[in-house]
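Note sheet for the following structure.
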Amino acid sequence: MTRTAPTFHRLRKSAGMSLIEVLAAVLLVSFGILGLLSLLGKSTQATVSGDDNQRAAMLASEMASILWVNNSPPTSPGALTLPAGYLAAWQARVADPTKAGLPTGVGTVTFAGQSAHILIQWTPVGDAKLNSASGTLRQYMTDVVIP
Numbered sequence: 031m032t033r034t035a036p037t038f039h040r041l042r043k044s045a046g047m048s049l050i051e052v053l054a055a056v057l058l059v060s061f062g063i064l065g066l067l068s069l070l071g072k073s074t075q076a077t078v079s080g081d082d083n084q085r086a087a088m089l090a091s092e093m094a095s096i097l098w099v100n101n102s103p104p105t106s107p108g109a110l111t112l113p114a115g116y117l118a119a120w121q122a123r124v125a126d127p128t129k130a131g132l133p134t135g136v137g138t139v140t141f142a143g144q145s146a147h148i149l150i151q152w153t154p155v156g157d158a159k160l161n162s163a164s165g166t167l168r169q170y171m172t173d174v175v176i177p
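If you're matching positions, the sequence shown starts at 31 in my numbering and goes up one per residue.
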């Protein structure tokens, strides 16, 4: 039995992948990498949003604590009070992101008898249309009732 040498035609077919196959593989890998980058951006955005929500809850809780401490037992029936200048200092802290505040944050406290409505509003970082009608305005609100 004699062996014949493989012909050029057979070698050419088994030589490897063609250029089109390589380009298709590069295209698929590129789409995969783009998908991972998109996922990374969305997860970062969700983390920042959660952090902002937590800071708003902390600031509202701080104001509620001051209301409880300053008005238990009530000093005058039907009216809640705050220490002098505390509301302005708290509002400045809400608006200052470098001091655990929020970007473009605004804090308001509305009193009605023995209850207070605490509202904190802010615009998330990265919103291209800050403070506009079409911008994303976030808010956290809570009510405090001092018996």
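Think of the CB as a built atom: it goes at the ideal place given N, C-alpha and C, for glycine as much as any other residue.
Residues near A87 in its chain [Cβ-Cβ closer than 7 Å; skip 5 each side]: Same-chain partners within the cutoff: Y170.
Min CB distance T134 to chain B below 8 Å: Protein chain content of the structure displayed is limited to a single chain, and chain B is not contained in it.
Counted within 10 angstroms of its Cβ, other Cβ atoms place T138 as buried (16 or more) or exposed: Exposed.
Contact test: V174 Cβ vs the ligand FMN heavy atom, cutoff 7 Å: This structure lacks the ligand FMN, and indeed carries no ligand of any kind.
For I148, the nearest candidate out of V155, P154, V136 (CA to CA): Taking only the C-alpha atoms, the option nearest I148 is V136.
Whole-angstrom C-beta distance between L89 and V52, which should lie under 8 Å: Incorrect: roughly 56 Å between the Cβ atoms, too far for contact.
Sequence-distant residues of its chain with Cβ nearer than 7 Å to I63 (five each side left out): Same-chain partners within the cutoff: there are none.
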